[in-house]
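Chains as they are written, first to last, in my numbering: chain D, 10 to 321; chain F, 10 to 321. Glycine included, every Cβ here is placed at the ideal spot set by N, Cα and C. One structure below.
2 protein chains.
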Amino acid sequence: MSSSAPSFAEDLAREGARVEAMLDRLLAPPALPGEAVRPERLRAAMAHATLGGGKRLRPFLTIAAAAMFGAEGEGVVRAAAALEMVHCYSLVHDDLPQMDDDDLRRGRPTVHRAFDEATAILAGDALLTLAFDTMADPATHADGAVRAELVLRLARASGIGGMVGGQVLDLAAEGRWSADGRAEALDDAAIRRLQAMKTGALLRFPLEAGAMLAGASAEDVARLGRFGAIVGLAFQIADDLLDVEASAEAMGKATGKDAARGKGTLVALHGVAAMKAELERLVVAASDELAPYGARAARLTAAARFVAERQS
Amino acid sequence: MSSSAPSFAEDLAREGARVEAMLDRLLAPPALPGEAVRPERLRAAMAHATLGGGKRLRPFLTIAAAAMFGAEGEGVVRAAAALEMVHCYSLVHDDLPQMDDDDLRRGRPTVHRAFDEATAILAGDALLTLAFDTMADPATHADGAVRAELVLRLARASGIGGMVGGQVLDLAAEGRWSADGRAEALDDAAIRRLQAMKTGALLRFPLEAGAMLAGASAEDVARLGRFGAIVGLAFQIADDLLDVEASAEAMGKATGKDAARGKGTLVALHGVAAMKAELERLVVAASDELAPYGARAARLTAAARFVAERQS
């Protein structure tokens, strides 16, 4: 191994491998205390949804944030795997024919294509449940109050006022429930709110979680949260730019779907050039937010740049 | 009001009204801290799924168990409402066309009929998430370790090794994934395991939760759990008997479906008379389990009898 600092890509890949191993371990047991048996078909569908793909960006943010405040080890990786399960469950349900109707995810068949719709619905339900199970387990953190607060914040980020609510706003914006089935034209503020809920909340939470796991101050948790909100916005703008510019092959999923659905994005509203400039501004703002931590924040500021510049 | 002790039906109705009011309150706010907005369509679907129906048996068990150990008040009702949300979400998802395909629930259209399938899937997801949110909130119990343990046990009862896993076993038993689409013949042990997961786990948990909320000893929590397991078995046998004997009108949902699906039940395996006798034995066994608490256990033993004798 070289003695030079690893690139961000190497850092992300290494932490991703730890998260993958943890996810595999959390899905593997035949049954935990309080459980009867784990039906194999359901376990296999949950594994299909969570293992063997994904950049593991959200878990990375938790691990890097915790490390910045001095916390390493299994509990942090467990929490990171838990929130990744919530991300993965949301993809399984969003891909369903009743929702976004996608056949391909991370270059592989979506869960309802590889299995069937009933199994996909139940695998999503069980993943969401296992996420809270994992977060609440004493193995994740010694302090029950911290575990309960992590559960609470994860639920707020991913429920009716967060991710799930954002998906409802997204379907509504696509005209799903309008009388004439046509998309509504959202303004800048409405698009930002939708995106802050649908994708932003589950990018902000990992950073707060990392700080909380390390016992950081409320001020530090709030600062990491603000950094996470900026990263979330950058992530979504980059995603919308990729939908316009990247190929389905590079993305491992269908692209060009936003325009096809008349979907309101900031890119559609303000144009590609303006949003590329906005992305650059966000990377600087993210870095500024973490300035008090100096060089300790290098992994997180590298993550913000990666999010803005990713090509898939 | 009469000075005589209320009947069980009155007791159940009174606690049910408290739970209903709490569910309404938990669904009502425009947004909690950590949330953006709560989309009205989603909130309405969640309200349709949770309000205005149901016996509230599970919440009653929590409230009565907590009261037996001296705990009353809002935190107990919050926890009771949280686990009722898990029950309600499971009904929403189980009723979907991809699952049991039911149009009627509690005498009203199911959520996907009153709204649409996408909304039903998301309302279920958001209810499950709000359940964990509610359980983890400091307003539910002052001790974070208790809240985290409640989250953990609720997750175990309702996830891959509990309720969701039981639904998978149930669909499998109906022949959903068999090569010829025919139902498998389950033996006594397999039926009991399936039912312990699908319905039993979420009838046992409310009793453990009530004892935990009241700070009861581990021994008492375990005893209440054993009582709950008996109640769960009685509940399922009564349900299977009602499916054979009751009218759809009395039940507010389709009946006779088990036989139509070739579904393995203990009633189908052993006959109506044998299972009615088994029910009587279970009521006695449930009562015996709580004998150490004497008259304090009267509400819970009445609940066990109610479960066995209910006509809808």
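I'd like to know whether the C-beta of D/D146 is nearer than 8 Å to at least one C-beta of chain F. Position 137 of the first sequence, counted from the first residue, corresponds to residue 146 of chain D. So yes, D/D146 belongs to the interface.
Whose C-beta lies closer than 8 Å to the C-beta of F/A123 among residues of the same chain, with five residues either side of it excluded? As a position in the second sequence, residue 123 of chain F is number 114, starting the count at 1. When the five nearest sequence neighbours on each side are left out, the beta carbons in the same chain lying within less than 8 Å of the beta carbon of F/A123 are those of A54, H57 and R117, in order along the chain.
Does the contact criterion of 3 or more C-beta pairs under 8 Å hold for the stretch 98-113 of chain D versus the stretch 166-186 of chain D? Using a C-beta cut-off of 8 Å, the stretch 98-113 of chain D makes contact with the stretch 166-186 of chain D, since at least three inter-stretch Cβ pairs fall below that distance.
Drop a sphere of 10 angstroms on the beta-carbon of F/Q320, count the other beta-carbons inside from all chains shown, and report buried for 16 or more, exposed for fewer. Position 311 of the second sequence, counted from the first residue, corresponds to residue 320 of chain F. By the 16-neighbour rule on beta-carbons within 10 angstroms, F/Q320 is exposed.
Taking the beta carbon of D/V281 as the centre, do at least 16 other beta carbons fall within 10 Å, making it buried, or is it exposed? Walking along the first sequence from the start, residue 281 of chain D turns up at place 272. It counts as exposed.
Which residue comes first and which comes last in the alpha helix (DSSP H) that contains F/M172? For the purposes of this step, residue 172 of chain F is taken as the residue at position 163 of the second sequence. Unbroken alpha helix (DSSP H) run through F/M172: M172 to A182.
Own chain residues within Cβ distance below 7 Å of D/I200, not counting five before or after: Here residue 200 of chain D refers to the residue found at position 191 of the first sequence. Contacts found: G273, T274, L275 and L278.
For the 8 Å Cβ check, are there 3 or more pairs between the stretch 145-164 of chain D and the stretch 159-167 of chain F? Judged by Cβ distances under 8 Å, the stretch 145-164 of chain D makes contact with the stretch 159-167 of chain F, as three or more pairs qualify.
Is DSSP giving F/L113 helix, strand or coil here? On the second sequence, position 104 is the one that residue 113 of chain F refers to. Per DSSP, reduced to three states, the secondary structure at F/L113 is strand.
Taking only beta-carbon positions, decide if F/F141 is within less than 8 Å of chain D. Start at 1 with the first residue of the second sequence, and residue 141 of chain F comes out as number 132. Yes, F/F141 counts as interfacial toward chain D.
Classify F/S16: buried if its beta carbon has 16 or more other beta carbons within 10 angstroms, exposed otherwise. On the second sequence, residue 16 of chain F is found 7 positions in, with the first residue counted as 1. So F/S16 ends up on the exposed side.
Against chain F: residues of the stretch 39-51 of chain D by CB proximity under 8 Å: Residues of the stretch 39-51 of chain D whose Cβ lies closer than 8 Å to any Cβ of chain F, in chain order: A40, L41, P42, G43, E44, A45, V46, R47, P48, R50 and L51.
Could you tell me which of F/E228, F/E44 and F/D109 sits nearest to F/G184, measuring between CA atoms? For the purposes of this step, residue 184 of chain F is identified with residue 175 of the second sequence, where counting begins at 1. Nearest Cα to F/G184 within the set F/E228, F/E44 and F/D109: F/D109.
How long is the line joining the alpha carbons of D/Y302 and D/E318, rounded to whole angstroms? Counting from one through the first sequence, the residue named residue 302 of chain D turns up at place 293. Counting from one through the first sequence, the residue named residue 318 of chain D turns up at place 309. Near 23 Å, if we compare the C-alpha coordinates of D/E318 and D/Y302.
What number of angstroms, rounded off, separates the C-alpha of D/D134 from the C-alpha of D/R47? If you number the first sequence from 1, residue 134 of chain D lands on position 125. If you number the first sequence from 1, residue 47 of chain D lands on position 38. If I take the Cα positions, the gap works out to 14 Å.
Is it right to say F/R305 is buried, meaning 16 or more other beta carbons lie within 10 angstroms of its own, or is it exposed? The count along the second sequence starts at 1 and reaches residue 305 of chain F at position 296. It is exposed - the Cβ of F/R305 has fewer than 16 other Cβ atoms within 10 Å.
To which residues does DSSP link D/P118 through a beta bridge? Residue 118 of chain D sits at position 109 when you count from the first residue of the first sequence. Under DSSP, D/P118 shares a beta bridge with D/L113.
Suppose you measure from the CA of D/R115 to the CA of D/R314; what does that come to, to the nearest Å? In the first sequence, residue 115 of chain D corresponds to position 106, counting from 1. In the first sequence, residue 314 of chain D corresponds to position 305, counting from 1. If I take the Cα positions, the gap works out to 22 Å.
With DSSP as the reference, label D/E44 as helix, strand or coil. Along the first sequence, read from residue 1 onward, the residue named residue 44 of chain D stands at position 35. Residue state, collapsed to three classes: coil.
Members of the stretch 121-138 of chain D that neighbour chain F once the beta carbon cut-off is set at 7 Å: Close to chain F, meaning a Cβ-Cβ distance shorter than 7 Å, are the following residues of the stretch 121-138 of chain D: E126, A127, I130, L131, D134, A135, L137 and T138.
Ignore the nearest five residues each way along the sequence and tell me which others in F/G63's own chain have a CB closer than 7 Å to its CB. Mapped onto the second sequence, residue 63 of chain F falls at position 54. Closer than 7 Å at Cβ, skipping near neighbours: R115.
Which residues in the same chain have their Cβ closer than 6 Å to the Cβ of F/G190, if we skip the five residues on either side of it in sequence? On the second sequence, residue 190 of chain F is found 181 positions in, with the first residue counted as 1. Hits under 6 Å: G184.
Would you call the stretch 219-231 of chain D and the stretch 73-87 of chain D in contact, with 3 or more CB pairs under 8 Å? Output reads yes: the stretch 73-87 of chain D touches the stretch 219-231 of chain D.
Expressed to the nearest angstrom, what Euclidean distance is found between the alpha-carbon atoms of D/A182 and F/A26? Counting from one through the first sequence, the residue named residue 182 of chain D turns up at place 173. Counting from one through the second sequence, the residue named residue 26 of chain F turns up at place 17. Distance between the alpha carbons of D/A182 and F/A26 is about 37 Å.
Can you say whether F/G43 is buried or exposed, counting buried as having 16 or more other CB atoms within 10 angstroms of its CB? To locate residue 43 of chain F, count along the second sequence from 1; it is residue 34. With a threshold of 16 other beta carbon atoms within 10 Å, F/G43 meets it and is buried.
Would you report the Cα separation of D/T208 and F/L288, rounded to the nearest angstrom? Position 199 of the first sequence holds residue 208 of chain D. Position 279 of the second sequence holds residue 288 of chain F. So the alpha carbons of these two residues sit roughly 50 Å apart.
Near-chain F residues of the stretch 201-223 of chain D (beta-carbon distance less than 7 Å), N- to C-terminal order: Of all residues in the stretch 201-223 of chain D, only R202, A205 and M206 come within less than 7 Å of chain F when Cβ atoms are compared, listed by chain position.
Under 8 Å Cβ-Cβ, which residues of chain D neighbour F/G174? Taking the second sequence and counting its residues from 1, one reaches residue 174 of chain F at position 165. The contacting residues are E44, A45, V46, R47, P48, L51 and A135.
Distance between D/A73 and D/L299 (C-alpha atoms, nearest Å): The sequence position of residue 299 of chain D within the first sequence is 290, counting from 1. The sequence position of residue 73 of chain D within the first sequence is 64, counting from 1. One C-alpha to the other measures close to 13 Å.
Since D/A107 meets chain F, which of its residues come closer than 7 Å, beta carbon to beta carbon? Translated into the one-based positions of the first sequence, residue 107 of chain D becomes position 98. Sequence check: residue 107 of chain D is Gln here, not Ala. Within chain F, the residues placing a beta-carbon under 7 Å from that of D/Q107 are E126, A127 and I130, ordered along the chain.
Can you pull the chain D neighbours of F/S167, defined as C-beta to C-beta under 8 Å? Counting from one through the second sequence, the residue named residue 167 of chain F turns up at place 158. For a Cβ distance threshold of 8 Å, residue set T138 of chain D lies close to F/S167, ordered along the chain.
Could you check the C-alpha separation between F/A247 and F/V292 for me, to the nearest Å? As a working note, residue 247 of chain F is residue 238 in the second sequence. As a working note, residue 292 of chain F is residue 283 in the second sequence. Using only the alpha carbons, I get a separation of about 12 Å.
DSSP-derived helix/strand/coil call for D/H102: If you number the first sequence from 1, residue 102 of chain D lands on position 93. Three-state DSSP puts D/H102 in a helix.
Given F/A40, which residues of its chain have a CB within under 8 Å of its CB, disregarding the five upstream and five downstream residues? Within the second sequence, the letter at position 31 stands for residue 40 of chain F. The residues V46 and R47, in chain order, have a CB closer than 8 Å to that of F/A40 in the same chain once the five nearest residues on each side in sequence are set aside.
Does DSSP put D/A26 in a helix, a strand or coil? In the first sequence, counting from the first residue as 1, residue 26 of chain D sits at position 17. Of the three classes helix, strand and coil, the one that applies to D/A26 here is helix, per DSSP.
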